[in-house]
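Okay, structure first, notes after.
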Amino acid sequence: MPKNYQPALLLLLTALIWGGSFIIVKESLTVLSPLAVIALRFTLAFCFLYLVYRRVVKRHWRRALRPGIGLGIILALAFTTQTIGLKLTTPSVSALLTGMNGIFVACIEAVFYRKKPAPLSLLGLIAATFGLTLITWPSQQLELDPGVLPTLACALFFAWHIVATSRAVTRHDPQTLTVIQFAVVALAAWCFAPAALPTFRLDLKTWGALLYLGVLATGLAFLCQSLAQRRISPVPTAVILATEPAFATLFSILFGYEPFSWKLAIGACFMVGGIILSAVGESFHGEVGKIVS
Numbered sequence: 001m002p003k004n005y006q007p008a009l010l011l012l013l014t015a016l017i018w019g020g021s022f023i024i025v026k027e028s029l030t031v032l033s034p035l036a037v038i039a040l041r042f043t044l045a046f047c048f049l050y051l052v053y054r055r056v057v058k059r060h061w062r063r064a065l066r067p068g069i070g071l072g073i074i075l076a077l078a079f080t081t082q083t084i085g086l087k088l089t090t091p092s093v094s095a096l097l098t099g100m101n102g103i104f105v106a107c108i109e110a111v112f113y114r115k116k117p118a119p120l121s122l123l124g125l126i127a128a129t130f131g132l133t134l135i136t137w138p139s140q141q142l143e144l145d146p147g148v149l150p151t152l153a154c155a156l157f158f159a160w161h162i163v164a165t166s167r168a169v170t171r172h173d174p175q176t177l178t179v180i181q182f183a184v185v186a187l188a189a190w191c192f193a194p195a196a197l198p199t200f201r202l203d204l205k206t207w208g209a210l211l212y213l214g215v216l217a218t219g220l221a222f223l224c225q226s227l228a229q230r231r232i233s234p235v236p237t238a239v240i241l242a243t244e245p246a247f248a249t250l251f252s253i254l255f256g257y258e259p260f261s262w263k264l265a266i267g268a269c270f271m272v273g274g275i276i277l278s279a280v281g282e283s284f285h286g287e288v289g290k291i292v293s
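Using my numbering, you'd call the opening residue of the sequence shown number 1 and step up by one each time.
Structure, rendered in structure tokens:
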């Protein structure tokens with residue numbers, strides 16, 4: 001496999017795993033509170049990655065501590081605002097608004113770093129956003145409800161996290177950064193989670209769901225993202241990760257949560273087209289935003 005495709009495939013794997021986590025989270029929330037799920041999820045992710053990369057972490061943690069804490073705070077804010085938004089609005093509206101982080105990435109890059117994305121990358125971002133909108137747009141008119149503003153804040157924090165990660169991983173070890181920020185999110189979640197969980201006598205199904213969320217959907221997925229962002233710029237990263245709701249919709253259909261529709265098929269085509277346009281834009285602009293081998 002050509003090395004220049006590996007970062008994009010890692011990000012697609014990340015989006016696939018995250019897409020599958022929607023059903024898992026839905027099942028977990030029938031037993032645990034949202035913040036308890038976040039606390040357990042990131043605690044498991046921290047333990048898993050620390051056991052795997054403890055030697056690397058011991059070598060690099062002092063240098064990576066400050067940026068890792070910063071990334072962890074941003075990530076904690078993103079998950080907290082997303083949880084608040086999900087309590088106040090529907091999952092489809094939440095997915096749509098969270099997916100707008102790609103637009104915020106381009107805005108952050110342009111405003112704060114004066115970095116103009118490649119024209120085709122922007123076109124790909126627009127196409128992917130349109131496909132995302134087509135897939136997740138609710139049947140009723142989207143109205144401003146109490147969950148809209150916190151979910152928009154969530155999208156902004158996720159975009160900020162993408163941009164900050166792209167810069168941090170060029171100067172610090174990505175494994176160490178990931179372990180540190182997961183520790184920060186876990187500690188923050190435990191501080192705001194209920195003083196005592198309902199019970200630790202969880203059944204095997206719930207523990208299996210938590211292991212999926214902690215090891216795959218958090219530990220492995222964020223590690224793939226960090227490794228990929230060493231060789232791919234933020235805007236294409238946002239475009240590829242925008243396929244997460246498409247995968248979530250696919251899993252919802254496969255598991256009987258919603259029926260197939262042509263709106264889904266057309267939206268998926270726009271999202272794939274956006275990914276292709278973004279990749280072409282990167283090949284034409286062999287500068288900072290280029291996927292390197």
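We put the CB at the ideal spot given by N, CA and C, even for glycine. Here the structure is a predicted model, which is why all the values come from computation and not from measurement.
Check, Outcome
"Pick from L35, Q175, L51 that is closest to F79, judged by C-alpha positions", "L35"
"Cβ-Cβ distance between R230 and T170 below 8 Å", "yes"
"Cβ pair count under 8 Å reaching 3, the segment 210 to 224 against the segment 100 to 110", "no"
"Buried/exposed call for L306, threshold 16 Cβ in 10 Å", "The requested residue 306 does not occur in the structure, where the chain is confined to residues 1 to 293."
"Simplified DSSP assignment, three categories, for A78", "helix"
"Backbone secondary structure at E258 - three-state DSSP", "coil"
"Segment limits, alpha helix (DSSP H) that includes A221", "221 to 228"
"Backbone secondary structure at A242 - three-state DSSP", "coil"
"Distance, I126 Cα to V272 Cα", "12 Å"
"Distance CB(A155)-CB(A248) smaller than 8 Å", "no"
"CB of V57 within 8 Å of CB of Q181, strictly", "no"
"DSSP-derived helix/strand/coil call for I232", "coil"
"Alpha-carbon spacing of L264 relative to F255, whole angstroms", "16 Å"
"Whether Q225 touches L71 by CB criterion (8 Å)", "no"
"Classification of W207 by the beta-carbon crowding that lies within 10 angstroms, buried from 16 upward", "exposed"
"Proximity of A168 and P7 at Cβ, strictly below 8 Å", "no"
"Coil, strand or helix - G124 by DSSP", "helix"
"Secondary structure of A196, DSSP reduced to three states", "Low local confidence applies: a pLDDT of 45 at A196 is under 50, so the model's placement there is unreliable, with the coordinate-based value given in what follows. Three-state result, A196: coil."
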